[in-house]
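Q: Chains as they are written, first to last, in the working numbering: chain A, 25 to 308; chain B, 1068 to 1872; chain C, 5 to 167. Positions of the beta carbon are idealized from the N, C-alpha and C atoms, including for glycine. Keep in mind that this is a model prediction, so the values were computed, not measured.
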Amino acid sequence: MIPAAFEYHRPVDVTSAASLLRRLGDEARVLAGGHSLIPMMKLRMAAIEHLIDLQDIDALKGISIDGDTVTIGAMVTQAELIAHEGLAKVAPILREAALQIADPQVRYMGTLGGNVANGDPGNDMPGLMQALGAAFLLTGPDGAREVAARDFYEAAYMTAREEDEILTAVRFTAPPGGYAYEKQKRKIGDYATAAAAVLIGKEGGRVAHASVAMTNLSDTPVWSPAAAKALTGTDCGPEAIRAATEAALADIDPTEDNRGPVAFKRHVAGIIITRAIQRAWSRA
Amino acid sequence: MNDLSPSREERIANLKGLGCSRKRVEDVRFTQGKGNYVDDIKLPGMLQGDFVRSPYAHARVISVNKEAALALPGVIAVLTAEDLAPLNLHWMPTLAGDKQMVLADGKVLFQGQEVAFVVAEDRYIAADAVELVEVEYEELPVLTDPFAALESDVVLREDLEGQSAGAHGPRRHHNHIFLWEEGDKAATEQVLDSADVVAEEMIYYHRTHPCPLETCGAVASMDKVNGKLTLWGTFQAPHVVRTVASLLSGIEEHNIRVVSPDIGGGFGNKVGVYPGYVCSIVASIVTGRPVKWVEDRMENLMATAFARDYWMKGRIAATKEGKITGLWCHVTADHGAFDACADPTKFPAGFFHICTGSYDIPVAYVGVDGVYTNKAPGGVAYRCSFRVTEAAYFIERMVEVLAIELGMDAAELRRINFIRADQFPYHSALGWEYDSGDYHTAWDKALAAVDYAGLRREQAGRVEAFKRGETRKLLGIGLTHFTEIVGAGPVKNCDILGMGMFDSCEIRIHPTGSAIARLGTISQGQGHATTFAQILASEIGLPADSITIEEGDTDTAPYGLGTYGSRSTPVAGAAAAMVGRKIRAKAQMIAAWLLEVHEGDLDWDVDRFVVKGAPERFKTMKDIAYAAYNQAIPGLEPGLEAVSYYDPPNMTYPFGAYICVMEIDVDTGEHEIRQFYALDDCGTRINPMVIEGQVHGGLTEALAIAMGQEIAYDDIGNCKTATLMDFFIPTAWETPNYTTDFTETPSPHHPIGAKGVGESPNVGGVPAFSNAVHDAFRAFGLRHAHMPHDHWRIWKIANQLGLHG
Amino acid sequence: MTKMHIKLTVNGKAEELLAEPRELLIHVLRERLNLTGAHIGCETSHCGACTVEMNGKSVKSCTVFAAQANGAEITTIEGLGSPDALHVLQRSFREHHGLQCGFCTPGMITRAHRLLQENPAPTEDEVRFGMAGNLCRCTGYQNIVKSILAAASEINAAQEAAE
């Protein structure tokens, strides 16, 4: 498995990276950790003339926590997310989810930006970012803009990012309350058979607010407001959880693959969502 | 006067011989990254080969256009079948009496088939050139189901049209390869017709792949000045490769040197001869430069030898008390596009007819139909002795199904049907002579070790709790008692391409009392350099640490049939013991002369010959070795060397009792191995540490196969499992800890009583894991469900039994 | 195709070479620098046989371009110990039979080395989870885990004795 030849660029700031992208057009791709892109290139399923490596751009690195606003640079790796104690305090669901991505070596290289930007429905962070209501910060030739994670994904590998834009950071408000990221997979290193991110706030023994999103159960991540609505105001008892799970399942559209047929995936999705809600509630 | 210290015990310990958990000598280089595997070989001027492969499972090749590829700077050659045809190398013989295309000759028969071979200055240029070779195909109807293939008008092997017989007898259809039968069909059917109870089941052992971590590869170097061809490669049988290379190429055998360097795991994948080897040789002859070919993982999984793919229809008869009275089996064997099974010539279904297992079954019949389909060729013994895995899985599932039919406990059913210790040597209904065994002792030890009765009580409680809605997890207790047949084999009935399946050991004792021994086998991780030295140490009384073991270089090692089918210890290990005895015989003569006594007045004692009744008068092997080179001994040639070619009188029959305790989540189909107990009886134990390591590894390969690993195709023959994302290999996280145990029933015909162990854990492990899954659902009415038991298929069992409400 | 000037520090030694940007780090190490300890197993970043350390991280060098590695500090199995002074992990793998065919071993040991830097006293579960990026077909992992736990104990005991 040998990739085709390409020209390599390693800009040191976002502006130069963006102008390279504009100049080189659709023959260029940005490279973050490379653990999705490089295997595709080695299989010659992705033909790329120019590769723009973002590793030297300091502005894309670092995690900042300002009150309850969390900003994470696109080039922050899964390993860095896991290791960050401050982040674990305000948004522990990131560590919980990141630990379920790929394997140790891949987590050293794989970045949050790469995970959310390439639009692979198997990636875990997009669903989680939708649950968190995160915003993606994009910089293009015409300046910077923000797109809500919930509006970002259009279809498999199709996103709201323009071809000459770079996803520079992810920003969200630290979620109060309980959380859970549940994932079923065949083995370490696999994508999800089904996965769910659930956030629940509790007040007076009742669900004050909730957010439910799912991974690899459609051609995009799925955020389910209906599931959240079914929980809100309830005691999160079996009836409410059943209703929320049913609502979430109404929003997914899984496809058959080596992990199993659709009926199986729908069933497992229901179990995973239920478990995620139960665990998030137990932590709320 | 000789000093009598050290003590006898100290002298034995000093040898690090039989029974010692000697640390491995190989590990010193491996842990430092100094192994020498085929892709580590780098020769001056070496070129790189790479294949253009078919994207289709069945298609006519209309044209191959090399022009663009040849125009790429750095590309030296592009070989096609047309180029190989004048040399008569566009096809090659398989180990199974069939032939196989080296490069596509007019059509392709499976996805990933080799179409053209590109030779370039380096692997990057070669890969670019592969993209530039233009092949025009015309798609043909694809057959992936062996049952459909036997009905279809579509002719897969047009080259065989009109041939109503193959290497193994008549062919009844153009996609049929052979029908092979053993046992007494009429008598078996008569027993079935009149039996109290007959259990019937179709049991599929799915297609999988050995997938060693190192893929297959070769480096060919034709030295045109000296007329010598050197071929390094991932060969489990280097001597046979030399013979085949000579027959194919016309180069005389003494002008071919085949070397198996360090091999990164084989598991059967590296027994066969692949087109890559042939093309490397041809390319080196054509270009006059060394040529390397190393397949990538996708090529490995898609094109080099698969394993299993047996549809086994079984019927087992018993009295109502549970005494088995007969066994009938018909197999539909999917061999893929060419019959390239790696089996001894006379056994097109390998040793599948060991399928009466550990049980005293009076009458049995087996018939195996081999079938061509549009899948990769192969059928190798993946950590297995020639279809023994399939046989063990078949009988261990049939016994479970019979237990269900009878309403009996499966452990008890086994116990009342085991061959008794006093029945050995035991003649099976399908023609084997089991050498030794004590199944009842092993079984009782295993059941006691896991508190079998307690587990059954816990399981019954779990079923009740499940029915009350208190848990969604079931408990499965997977039982297996397997009997293997390994160590092929007697030359009188076992050969590979006509070469009798003996093996060999040659030893040279150096004057200062150290030695080098060479064998016809080749380690792929089994630790031969460690354990064969231990056998020799115990035989000749020199420390294992003073004995170098070499294998794999046909210019230096004696001819042997290689390492697969757990045959190294039973055959080459026996040769090592026998060569040691030859050394000792000569040493005794030397000692007698040195001590001025009659040979008969000497006793062998650990590392020395001692004068009877005078323990202070002795000569150590070290003394004797020196004397062999510096004394003129009347009537004796100088030196101390010997060679032994060992033709085993029978195969060996290791056995074992495995118990797997598994928790199953009926909602997600996930499982957890709570306990795995493995008792192995491999006869005399040479190195307990190595044995335990073999068992751990074999069980983990079994876990993979039973719980998810498969080579799967879609309807048009696309391989769906060609990367390690989809081809299941468990990580440390999914793998449990195992408890190992043993009994020791030596083989009566092996010089040291050893039977071989490398494959037992895979043979016994697969049914143990699978039976655990089945057992968990037995209370809910499950009889049989096909492997692999991955999440969705376990979920499907629960779903079909109505356990999802 | 244009070649790039690439500088690396490998096992403490400065190396300079010309390579196409697409050249994979594993090929640079194995074929240009003759460090054949790390192996190629799966090529899709699943098996970990190619694991080396790059800038303090365990990476799968089959999935890193030479160009990306430009300027990096790299440690391979060849840099962990010497024939005269084996690394504790190298000794421990031999002592506890943590290897068979040896093909995964350099990647295993290199990965375990980083794991113990980050977690000097891991539990068995932490070792299994931390080693899950490395596949072995021979050992069933049980003795690999044992080797790593034993090495950790030995390193910690030596450190305590020194303090």
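1) Taking the alpha helix (DSSP H) that B:R1239 belongs to, which residues open and close that run?
2) If you count every other CB in all the chains shown that lies within 10 Å of the CB of B:Y1805, and 16 or more means buried, which is it?
3) Using a Cβ-Cβ cut-off of 7 Å (strictly less than) and excluding sequence neighbours within five positions of B:D1329, which residues of its own chain qualify?
4) What does C:C54 reach in chain B if we use C-beta pairs closer than 7 Å?
5) Among the residues of its own chain, which have a CB less than 7 Å from the CB of C:I81, if the five just before and after it don't count?
6) Could you give the first and the last residue of the continuous beta strand (DSSP E) run that contains A:Q208?
7) DSSP three-state label for B:G1445, please.
8) When the cut-off is 8 Å and only beta carbons count, does A:V130 lie next to chain C?
9) Using a Cβ-Cβ distance cut-off of 8 Å, determine whether B:N1242 contacts chain C.
10) For C:H91, tell me which candidate among B:F1097, B:Q1167, B:I1574, B:R1120 has the shortest Cα-Cα distance.
11) When DSSP labels each residue in this structure, what does B:M1068 get in the three-state scheme?
12) If I measure Cβ to Cβ from B:M1068 and keep anything under 7 Å in the same chain, skipping five residues before and after, which residues do I get?
13) Would you kindly work out how many angstroms separate the C-alpha atoms of A:S248 and A:L61, rounded to a whole number?
14) Identify the residues that DSSP records as bridge partners of B:H1851: which are they?
15) Identify every residue that forms a DSSP beta bridge with B:D1401.
16) Counting C-beta neighbours from all protein chains within 10 Å, is the total for C:N147 16 or more, i.e. buried, or is it exposed?
17) Return the bridge partner residues of B:A1285 from the DSSP annotation.
18) Taking all protein chains shown into account, decide if C:V68 is buried (16 or more other Cβ within 10 angstroms of its Cβ) or exposed.
19) Under the three-state reduction of DSSP, which class applies to B:A1385: helix, strand or coil?
20) What residues in the stretch 51-72 of chain A have a beta carbon less than 7 Å from any beta carbon of chain C?
21) Determine, using beta carbons only, whether B:I1428 and B:G1393 come nearer to each other than 8 Å.
22) Kindly indicate the opening and closing residues of the beta strand (DSSP E) around B:C1572.
23) Going by DSSP, what residues sit across from B:M1566 in a beta bridge?
24) What residues from chain B crowd round C:I30, counting only those whose CB sits closer than 7 Å?
25) Output the distance between the C-alpha atoms of A:T244 and A:T135, rounded to the nearest integer angstrom.
26) Against chain D, does B:C1087 count as a neighbour if the rule is that its beta carbon must be under 8 Å from one of theirs?
27) Nearest to A:G228 by CA position, among A:I87, A:L273, A:G201, is which residue?
28) Secondary structure at A:M69, three-state DSSP: helix, strand or coil?
29) Identify whether B:W1499 lies in helix, strand or coil by the three-state DSSP scheme.
30) Beta carbons nearer than 7 Å to chain A: which residues of the stretch 122-144 of chain C have them?
31) Would you call the CB atoms of A:L161 and A:R195 closer than 8 Å?
32) Assess contact between the stretch 1605-1618 of chain B and the stretch 1643-1652 of chain B, defined as three or more Cβ pairs (one per stretch) separated by less than 8 Å. Is contact present?
33) Determine the chain A residues that contact B:A1695 at a beta-carbon separation under 7 Å, and present them in chain order.
34) Beta-carbon within less than 8 Å of A:G110's beta-carbon, same chain only, minus the 5 sequence neighbours each way: which residues are those?
35) Could you please give me the residues that DSSP links to B:G1543 through a beta bridge?
A: To lay it out plainly:
1) If you look at B:R1239, you'll find it isn't in any alpha helix (DSSP H); DSSP assigns it neither H nor E.
2) With 16 or more other Cβ atoms from the protein chains shown falling within 10 Å of its own Cβ, B:Y1805 counts as buried.
3) G1102, N1103, Y1104.
4) Contacts between C:C54 and chain B, judged by CB atoms closer than 7 Å, are missing: the closest CB pair is about 11 Å apart.
5) Cβ neighbours of C:I81 beyond the five flanking positions: G41, A42, P110, I113, T114.
6) Per DSSP, A:Q208 belongs to the beta strand (DSSP E) from 202-208.
7) In the three-state DSSP reduction, B:G1445 falls in the strand class (E or B).
8) Yes, A:V130 lies at the interface with chain C (some Cβ there is under 8 Å from its Cβ).
9) False, the Cβ-Cβ gap to chain C never drops below 8 Å.
10) Checked all of B:F1097, B:Q1167, B:I1574, B:R1120; the closest Cα to C:H91 is B:F1097.
11) Caution applies to B:M1068, whose pLDDT of 43 falls short of 50 and renders its modelled position unreliable; the value that the coordinates give is listed next. Three-state DSSP puts B:M1068 in coil, outside helix and strand.
12) Because B:M1068 sits at a pLDDT of 43, beneath the cut-off of 50, its placement in the model cannot be relied upon, and the point is left open.
13) Rounded to the nearest angstrom, the two C-alpha atoms are 29 Å apart.
14) According to DSSP, which records beta bridges pairwise, B:H1851 is partnered with nothing at all.
15) According to DSSP, which records beta bridges pairwise, B:D1401 is partnered with B:V1438.
16) Buried: at least 16 other Cβ atoms inside 10 Å.
17) B:G1300, B:W1360, per the DSSP bridge assignment.
18) Classified as buried, C:V68 has 16 or more neighbouring CB atoms from the shown chains inside 10 Å of its CB.
19) DSSP, read as helix, strand or coil, puts B:A1385 in strand.
20) Those would be G58, H59, I62, P63, K66, in chain order.
21) Yes; because the gap between Cβ atoms is below 8 Å, this pair is in contact.
22) For B:C1572, the uninterrupted beta strand (DSSP E) run begins and ends at 1570-1576, by DSSP.
23) B:I1563.
24) Near C:I30 there are no residues of chain B at all, since even the closest Cβ is about 10 Å away, more than 7 Å.
25) In this structure, the alpha-carbon of A:T244 lies about 19 Å from that of A:T135.
26) In the displayed structure, chain D is absent; the protein chains listed are A, B and C.
27) Nearest C-alpha to A:G228: A:G201.
28) A:M69 falls in the coil class under three-state DSSP.
29) The three-state secondary structure of B:W1499, taken from DSSP, is coil.
30) Taking 7 Å as the cut-off between beta carbons, the residues of the stretch 122-144 of chain C near chain A are G134, A136, G137, in sequence order.
31) In this structure, A:R195 lies closer than 8 Å to A:L161 by Cβ.
32) Because the criterion of three Cβ pairs below 8 Å is met, the stretch 1605-1618 of chain B and the stretch 1643-1652 of chain B touch.
33) Against chain A, the beta carbon of B:A1695 has no neighbour under 7 Å; the closest one sits roughly 55 Å away.
34) Once the five neighbours on either side are set aside, the close Cβ partners of A:G110 are I87, I89.
35) When DSSP reads this structure, B:G1543 sits in a beta bridge with B:M1729.
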